[in-house]
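The sequence shown begins at 0 in numbering that gives the first Met the number 0 and counts up by one.
Glycine is no exception: its CB is placed at the ideal position from the N, C-alpha and C atoms.
These notes are about the structure you will find just below.
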Amino acid sequence: MSISDYQGIEVDDVVIIGGGAAGIAAAVKAVSHGLKATLIEARHHLGGRLFSFKDRYTGLELNNGEHLILAGYEKTLDLLKQIGEVDAVEIQPEIEIPFYLPDRTPVLFKSSTYFPIKGFPGALLSFSLLNFNQRLKLINRLRSLTAKVPKNCSTVGEWLKGAGKEEIDLLWKPLTLAAMNCDIDEADLGILRNALIEGFMKGGGLGFFKKTFREIFHNSAGFYLQSKKVKVITGGRINAVECSSNKIDAVYTANGGKFRGDYYIFTIPPEQLLKIPSFPISGSLNAFLQRLEYSAIVNVYLGFHKQILPDDFGCLPGSYPQWFFRVRYLNADPNLTIYNLVISSADLRLSESGIIVKCLLDLKKTGADFDEKDVVYSRVIAHPRATVKLTPDTEKLRRAIIIDCANLSLAGDWTNTGLPASIEGAVRSGYDAVDVILN
Ligand SMILES: Cc1cc2nc3c(=O)[nH]c(=O)nc-3n(C[C@H](O)[C@H](O)[C@H](O)COP(=O)(O)OP(=O)(O)OC[C@H]3O[C@@H](n4cnc5c(N)ncnc54)[C@H](O)[C@@H]3O)c2cc1C
């Protein structure tokens with residue numbers, strides 16, 4: 000339902016503001032417990048940062064960057080199951096990542112049959128870009144980290160003092176960038192540890208979306224919620240909150256809608272909360288918002304008439320783009336192969352053409368098979384605020400956030416989930432917010 004179709008006020012059990020992964024998860028969980036829910040989204044589609052767009056040059060529908068999930072992302076997989084989209088993700092039974100280095104044959108990060116250890120530790124032990132001694136040290140380092148966060152180390156970089164440069168450059172830098180969108184010298188160690196334990200150590204590998212985000216998070220999620228009688232309202236930006244006696248009484252959209260509920264779950268990004276002047280911001284939330292910084296992600300899409308690399312995806316340690324993915328949810332033009340190159344924690348000062356040239360040069364160095372004339376399509380999309388940056392400082396403030404309003408919960412990838420700002424963090428926060436109401 001669009002906001003223009005909406006008339007009148009109804010009192011629901013819960014009003015959820017923001018229709019990204021966190022808001023969808025909150026709505027799914029709310030209805031599964033018999034709560035009456037309204038979901039209000041500012042844009043005309045659900046999914047938030049999980050959106051697809053029609054590319055004006057090719058006419059193809061592209062996702063907002065390849066989003067990786069991990070086999071251990073239980074809540075995300077649960078949400079996909081609930082909305083009937085569990086098959087939209089292909090999960091590796093065991094971790095398997097091709098590593099592409101300049102002028103070398105790609106090396107597979109995968110456990111070898113020579114060793115009895117499987118999964119992520121097995122892949123570390125078999126990682127032939129490091130010598131055996133380095134690998135043993137790496138395993139011990141991982142084991143002591145998963146046991147507990149060492150004292151006096153708050154960033155990943157501090158923890159890696161004493162580790163070899165090769166180990167850091169080949170493994171920890173790309174891993175930290177992928178998991179936390181943050182450089183090792185800034186990334187909070189405890190959060191990386193949680194991501195390793197939850198995402199990698201339970202077995203299984205990476206998960207790839209096989210459909211567009213529009214199909215999954217707008218169409219299927221929207222259809223499921225409406226079939227469960229959730230009022231899904233798009234095009235309704237909440238811009239005012241009415242409060243009395245430490246409680247929210249109603250929320251208002253910019254275009255005149257008024258919504259009332261017993262509980263309110265705000266799942267919108269932190270900078271959007273600041274744009275609602277009457278939002279009840281507590282002192283601890285304000286302290287977090289004041290220190291908050293964002294990390295950018297740049298997605299580069301390159302099109303060729305052929306496949307230029309033997310694998311469908313790969314990690315590119317030391318290169319400007321850190322990962323490449325062949326866009327696999329497209330089956331439109333058999334003569335067009337599109338690659339999505341990802342630059343996490345990106346510096347946004349480079350021009351688009353500068354970014355493309357750097358990407359092409361680095362791809363060439365890894366042995367990609369193409370000439371300049373083979374590049375039939377290129378596009379750069381920068382996300383200056385892709386995710387919040389979880390440094391030790393901001394993580395401490397995030398953990399300390401307390402809400403002074405009796406019927407308000409916050410959710411979203413930036414809230415206190417113990418995880419990096421990720422799909423899993425967002426979904427978990429949405430589920431947790433409903434648990435607070437139920438309890
Ligand atoms: C390029 C890119 C690559 C990424 N890669 C990965 C990855 O590989 N793996 C991974 O796990 N995560 C990845 N992420 C992060 C992931 O997309 C997010 O963590 C997740 O989608 C956040 O969901 P959310 O619901 O918390 O927030 P959002 O998706 O931002 O949803 C918030 C919603 O609130 C709405 N809203 C805002 N203000 C208002 C208002 N006033 N009233 C009503 N609605 C409002 C917004 O329109 C939005 O739809 C990536 C992000 C980007 C940008």
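Inset, instruction - May I have the straight-line CA-CA distance separating Ser125 from Gly317, to the nearest angstrom? - result: For this step, residue 125 is matched to residue 126 along the sequence shown. For this step, residue 317 is matched to residue 318 along the sequence shown. Cα to Cα, the separation comes out at about 20 Å.
Inset, instruction - Below 6 Å CB to CB, which residues in the same chain sit around Gly458 once its five sequence neighbours on both sides are set aside? - result: Coverage of the chain is limited to positions 0 through 438, which leaves residue 458 absent and any answer about it impossible.
Inset, instruction - Check each candidate in Phe52, Arg213, Asp187 and Ile280 and name the one with the smallest Cα separation from Leu389. - result: One-based indexing of the sequence shown puts residue 389 at position 390. Of the candidates Phe52, Arg213, Asp187 and Ile280, the one whose C-alpha sits nearest the C-alpha of Leu389 is Asp187.
Inset, instruction - Starting from Cys242, follow its DSSP beta bridges and name the residues at the other end. - result: The residue you call residue 242 lines up with position 243 of the sequence shown. Answer is Ile247.
Inset, instruction - For Asn285, count neighbouring C-beta atoms within 10 Å of its own C-beta (all shown protein chains included) and say buried if the count is 16 or more, exposed if not. - result: Residue mapping note: residue 285 aligns to position 286 of the sequence shown, counting from 1. Looking at its Cβ environment, which holds fewer than 16 other Cβ atoms inside 10 Å, Asn285 is exposed.
Legend entry - For Gly424 and Trp413, the rounded distance between their alpha carbons: Counting from one through the sequence shown, the residue named residue 413 turns up at place 414. Counting from one through the sequence shown, the residue named residue 424 turns up at place 425. Roughly 8 Å separates the two Cα atoms.
Inset, instruction - From the DSSP output, read off the bridge partner residues of Glu89. - result: Numbered from its first residue, the sequence shown carries residue 89 at position 90. Per DSSP, Phe207.
Inset, instruction - Using three-state DSSP, classify His304 as helix, strand or coil. - result: Numbered from 1 along the sequence shown, position 305 holds the residue referred to as residue 304. DSSP places His304 in coil when its eight states are reduced to three.
Inset, instruction - With DSSP as the reference, please indicate the residues paired to Glu60 in a beta bridge. - result: Here residue 60 refers to the residue found at position 61 of the sequence shown. Its beta-bridge partners are Lys53.
Legend entry - Closer than 6 Å: Ala87 CB and nearest ligand 1 heavy atom: Counted from its first residue, the sequence shown places residue 87 at position 88. It does not: the Cβ of Ala87 is nowhere closer than 6 Å to a heavy atom of ligand 1.
Inset, instruction - Buried or exposed for Leu49, please, with buried defined as at least 16 other CB atoms from any protein chain shown within 10 angstroms of its CB. - result: Along the sequence shown, one-based indexing puts residue 49 at 50. Answer is buried; the Cβ neighbour count reaches 16.
Legend entry - Range of the contiguous beta strand (DSSP E) that encloses Thr37: Locating residue 37 in the sequence shown gives position 38, where the first residue counts as 1. Ala36 to Glu40 is the extent of the beta strand (DSSP E) around Thr37.
Inset, instruction - Could you give the DSSP three-state label for His217: helix, strand or coil? - result: What you label residue 217 is simply residue 218 of the sequence shown in a count that begins at 1. Three-state result, His217: helix.
Inset, instruction - Can you tell me which of Leu176, Lys210, Phe208 and Ala381 puts its alpha carbon nearest to the alpha carbon of Leu195? - result: The count along the sequence shown starts at 1 and reaches residue 195 at position 196. Nearest C-alpha to Leu195: Leu176.
Legend entry - Pairwise C-alpha distance: Arg140 and Leu170: By 1-based counting over the sequence shown, the position of residue 170 is 171. By 1-based counting over the sequence shown, the position of residue 140 is 141. So the two alpha carbons sit approximately 13 Å from each other.
Inset, instruction - Tell me whether the beta-carbon of Ser51 lies closer than 7 Å to the beta-carbon of Arg236. - result: If you number the sequence shown from 1, residue 51 lands on position 52. If you number the sequence shown from 1, residue 236 lands on position 237. Cβ atoms of Ser51 and Arg236: not closer than 7 Å.
Inset, instruction - State the Cα-Cα distance for the pair Lys53 and Asp310, rounded to the nearest angstrom. - result: Numbered from 1 along the sequence shown, position 54 holds the residue referred to as residue 53. Numbered from 1 along the sequence shown, position 311 holds the residue referred to as residue 310. Going from the Cα of Lys53 to the Cα of Asp310 covers about 26 Å.
Legend entry - Gly256 beta carbon near ligand 1 (any heavy atom closer than 6 Å): Indexing the sequence shown from 1 puts residue 256 at position 257. Result no, Cβ not under 6 Å from ligand 1.
Legend entry - Cβ neighbour criterion (16 or more within 10 Å) applied to Ser408: Locating residue 408 in the sequence shown gives position 409, where the first residue counts as 1. Looking at its Cβ environment, which holds 16 or more other Cβ atoms inside 10 Å, Ser408 is buried.
Inset, instruction - Report yes or no: do three or more beta-carbon pairs, one from the region 320 to 339 and one from the region 63 to 74, lie closer than 8 Å? - result: yes
Inset, instruction - For Pro269, name the three-state secondary structure that DSSP assigns. - result: For the purposes of this step, residue 269 is taken as the residue at position 270 of the sequence shown. DSSP places Pro269 in helix when its eight states are reduced to three.
Legend entry - Limits of the unbroken beta strand (DSSP E) element including Pro383: The count along the sequence shown starts at 1 and reaches residue 383 at position 384. Residues Val374 to Val387.
Inset, instruction - Mark Pro92 as exposed unless 16 or more other C-beta atoms lie within 10 angstroms of its C-beta, in which case mark it buried. - result: Counting from 1 along the sequence shown, the entry for residue 92 is found at position 93. With fewer than 16 other Cβ atoms within 10 Å, it is exposed.
Inset, instruction - Using three-state DSSP, classify Lys172 as helix, strand or coil. - result: Translated into positions along the sequence shown, residue 172 becomes position 173. Lys172: helix per DSSP, three-state reduction.
Legend entry - Where Leu123 falls: helix, strand or coil (DSSP): Counted from its first residue, the sequence shown places residue 123 at position 124. Helix, per DSSP.
Legend entry - N-terminal and C-terminal residue of the alpha helix (DSSP H) that Lys230 is part of: Within the sequence shown, the letter at position 231 stands for residue 230. Not the alpha helix (DSSP H): Lys230 falls in the beta strand (DSSP E), residues Lys230 to Thr233.
Legend entry - Beta carbon proximity, Gln133 to chain C, threshold 7 Å: As a matter of chain content, chain C is missing from the structure shown, which is built from one protein chain.
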